[in-house]
Every structure is written in structure tokens, then in C-alpha cells.
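Undergrad:
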Amino acid sequence: MAAGESAQFIVESRLVPAMAVVGERFKNNEIFVPEMLIAARAMKEALSVLEPMLVAAGVKPEFNAVIGTVEGDLHDIGKNLIAMMWKGANIDVIDLGVNVAPAQFVAAIREHSVKLVGLSALLTTTMPAMRDTVKAIREAGLDPIIMIGGAPITVEYAKEIGADGYAPDAGSAVDAAMSLLRGKVC
Ligand code: B1M
Numbered sequence: 001m002a003a004g005e006s007a008q009f010i011v012e013s014r015l016v017p018a019m020a021v022v023g024e025r026f027k028n029n030e031i032f033v034p035e036m037l038i039a040a041r042a043m044k045e046a047l048s049v050l051e052p053m054l055v056a057a058g059v060k061p062e063f064n065a066v067i068g069t070v071e072g073d074l075h076d077i078g079k080n081l082i083a084m085m086w087k088g089a090n091i092d093v094i095d096l097g098v099n100v101a102p103a104q105f106v107a108a109i110r111e112h113s114v115k116l117v118g119l120s121a122l123l124t125t126t127m128p129a130m131r132d133t134v135k136a137i138r139e140a141g142l143d144p145i146i147m148i149g150g151a152p153i154t155v156e157y158a159k160e161i162g163a164d165g166y167a168p169d170a171g172s173a174v175d176a177a178m179s180l181l182r183g184k185v186c
């Protein structure tokens with residue numbers, strides 16, 4: 001900022017592209033979870049410094065999302081990485097935490113009118129909770145983009161339960177979310 005760059009320029013042209021590099025390297029197994037967490041923490045710190053200036057300048061995140069680990073599942077490391085990467089891509093992310101019941105997802109989608117929902121599951125025994133959550137969201141008459149992921153999840157499973165997208169890792173989760181959001185919104 002001392003060099004005359006605006007907070008918005010720093011986010012859009014410095015931080016977000018840097019996180020894209022981090023995501024790409026993670027996807028290619030060139031860096032691993034610890035480096036990813038360090039990068040995500042740096043991003044979070046930078047955003048907390050820049051946020052007041054962005055708010056003052058009227059800059060708003062382009063999209064919003066809710067994310068959570070589905071009912072019965074307490075694993076959150078992967079879900080937290082996705083949330084951080086989505087935030088890094090200028091998405092306003094509401095993190096519902098772990099063990100999130102379908103009704104909690106439905107209530108949060110309604111309350112915040114979100115465009116994107118992320119479901120994470122790490123156990124084969126909690127995969128059916130993903131199906132239940134997708135069903136509950138659709139039965140409530142809501143139509144956000146639903147993305148799923150987690151170690152036991154496949155693209156076939158995503159199709160089978162009616163989710164809109166799947167990503168195998170945090171880097172791909174940004175690419176997939178952005179193309180789904182742009183495709184559906186435009
Ligand atoms: Co658990 N656990 N665990 N565990 N645990 C696994 C998943 C397991 C594979 C270990 C094993 O047996 N080899 C196994 C599942 C077996 C199965 O279902 N087939 C297992 C089990 C059985 C259990 C318990 C049942 C153990 C017990 O109590 N008997 C129990 C269940 C508790 C519960 O959830 N109800 C349990 C508990 C725990 C701890 C609490 C001890 C701890 C979780 C701590 C925490 O998350 N805060 C834990 C851990 C750490 C693991 C392992 C070791 C690591 C998971 C992890 O964080 N990986 C895991 C074995 C393993 O994977 N090696 C294991 C790192 C993380 C970055 O990767 O979460 O895969 P991951 O996320 C990736 C992708 O999957 C993807 O992107 C992320 C980044 O690349 N992704 C998404 C994830 N969510 C996404 C969402 C998206 C898109 C992509 O879109 C929205």
C-alpha cells in the first residue's frame with residue numbers, strides 16, 4: 001500500500017493469484033498440507049488487514065457460500081482448507097463447522113441466500129448424510145450450486161446424489177466453484 005497499490009488491487013492482483021499458484025502446486029503434489037495451511041494463514045492475516053479498507057471502498061466479495069462437514073462426521077481439516085481457499089478466491093464463506101444436519105444447511109442457505117454450498121465427508125458411513133443433505137436442500141425448493149468432496153467421494157457419487165460438482169482437493173475446489181458460479185450466474 002505504501003507503494004500506492006489499492007487494497008482491492010492487492011487482493012485481486014496479488015493475493016488471489018498467489019493462492020491460485022498455491023492451489024495448483026498442492027494439486028500437483030509439489031506442496032503439502034502444512035505449506036497449504038501456512039499460505040492460508042498468511043492469506044487470512046492479509047485479508048484481516050485489508051478488510052476495513054475494502055469495506056470502506058465498498059468492495060464486496062463477488063459470491064457467497066456455506067460450507068460444512070455433514071451430519072455424523074467430525075473431520076474438518078480438509079473442509080477448513082476448502083473454506084480458506086474459497087475465501088482466498090474472494091468468496092464470502094460461512095462455515096457451519098462439523099456434524100451439520102441437513103436442516104442446518106437448509107436454514108443457513110435460506111438465511112444468507114447463498115449461491116454455493118460445500119459439503120465435506122471423510123467417512124464412508126457419512127456419505128449417505130450427503131445424499132440426505134442434497135435431498136433436503138432440493139425438497140426445500142432451494143437451488144444453490146452444491147459441491148461435494150472428501151476422501152471417499154467420487155465424481156460418480158456426486159452425480160448419483162444430484163450434486164452439481166465435485167473436487168478432489170482444495171486447488172481444484174476453487175477452479176470448480178468459480179466455473180460453476182460463473183456458468184450458473186452469467
Ligand atoms: Co478419522 N478416519 N476417524 N479422524 N481420519 C479417516 C478418514 C480414515 C480413512 C482413517 C483410516 O482408517 N485409515 C477412516 C475412515 C475410513 C472410512 O470411512 N472408509 C477414519 C475413521 C474410521 C475415523 C473414526 C471412525 C475412528 C474411530 O473413532 N474409530 C473417527 C470418526 C469420528 C467422526 O467423524 N464421527 C475418526 C476420527 C478422527 C479424528 C477426530 C481423530 C481426526 C479428525 C480431526 C479433524 O479433522 N479435526 C481424524 C483424522 C485426522 C483422520 C485422517 C488420519 C486424516 C484426515 C485429514 O484431515 N486429512 C484420515 C486418514 C487419512 O486421510 N490419511 C482419517 C488431511 C485433509 C487435508 O485431507 O480431509 O481428505 P481431506 O481433505 C482433502 C480432500 O478430501 C478434499 O480436499 C481436501 C484438501 O485436499 N475435500 C474436499 C475435503 N472436503 C472437500 C469438500 C469439497 C471439495 C473437496 O467441496 C465442498
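Residue numbers for the sequence shown follow the working numbering, so the first one is 1 and each next one is one higher. Glycine included, C-beta positions come from ideal geometry on N, C-alpha and C. Model, not experiment: these values are computed from the prediction.
Quick one: grab the DSSP three-state call for L15.
TA: Three-state DSSP puts L15 in a helix.
Undergrad: Nearest by alpha-carbon distance to G118: which of G4, Y166, L15 is it?
TA: Taking only the C-alpha atoms, the option nearest G118 is Y166.
Undergrad: With distances taken between CB atoms, is the gap from M84 to L116 smaller than 8 Å?
TA: Their beta carbons are not under 8 Å apart, which means M84 does not touch L116 by this criterion.
Undergrad: Output the distance between the C-alpha atoms of I153 and G4, rounded to the nearest integer angstrom.
TA: Taking the straight line from one Cα to the other gives about 45 Å.
Undergrad: Is any non-hydrogen atom of ligand 1 found closer than 7 Å to the C-beta of G118, if you look at the structure I gave you?
TA: Because some heavy atom of ligand 1 lies under 7 Å away, the Cβ of G118 counts as near it: yes.
Undergrad: Is the beta carbon of N99 closer than 8 Å to that of P61?
TA: Taking 8 Å as the Cβ cut-off, P61 and N99 do not qualify as a contacting pair.
Undergrad: Specify, as a first and last residue, the run of the beta strand (DSSP E) that A65 falls within.
TA: 63 to 69 is the span of the beta strand (DSSP E), which, as asked, contains A65.
Undergrad: Determine the direct distance from the alpha carbon of I10 to that of A2, and round the result to whole angstroms.
TA: C-alpha separation (whole angstroms): 12 Å.
Undergrad: Give me the residue from E24, L181, A40 with the minimum Cα distance to V114.
TA: Looking at the Cα atoms, L181 is the closest of the given residues.
Undergrad: Would I77 and A170 be called neighbours here (beta carbons separated by less than 8 Å)?
TA: No, these two residues do not count as a Cβ contact at 8 Å.
Undergrad: To which residues of the same chain is L142 closer than 6 Å at the C-beta, ignoring the five residues directly before and after it?
TA: Excluding positions up to five away in sequence, the list reads I109.
Undergrad: Using C-beta distances below 6 Å, list every residue in its chain close to M53, excluding the 5 sequence neighbours before and after it, in chain order.
TA: Excluding residues within five positions, the ones whose Cβ falls inside 6 Å are A7.
Undergrad: Determine, using beta carbons only, whether L123 comes closer than 8 Å to chain C.
TA: Judged by its chain identifiers, the structure shown contains no chain C, having just a single protein chain.
Undergrad: Assign A65 to buried or exposed, taking buried as 16 or more other Cβ atoms, counted over all protein chains shown, within 10 Å of its Cβ.
TA: It counts as buried.
Undergrad: Would the beta-carbon of V11 be found less than 7 Å away from any heavy atom of ligand 1?
TA: No - ligand 1 has no heavy atom lying nearer than 7 Å to the Cβ of V11.
Undergrad: The beta strand (DSSP E) spanning S6 covers which residue range?
TA: Premise fails: S6 is in no beta strand (DSSP E) and is neither H nor E.
Undergrad: Quick one: give me the first and last residue of the alpha helix (DSSP H) that S48 is part of.
TA: Note, S48: alpha helix (DSSP H), 33 to 56.
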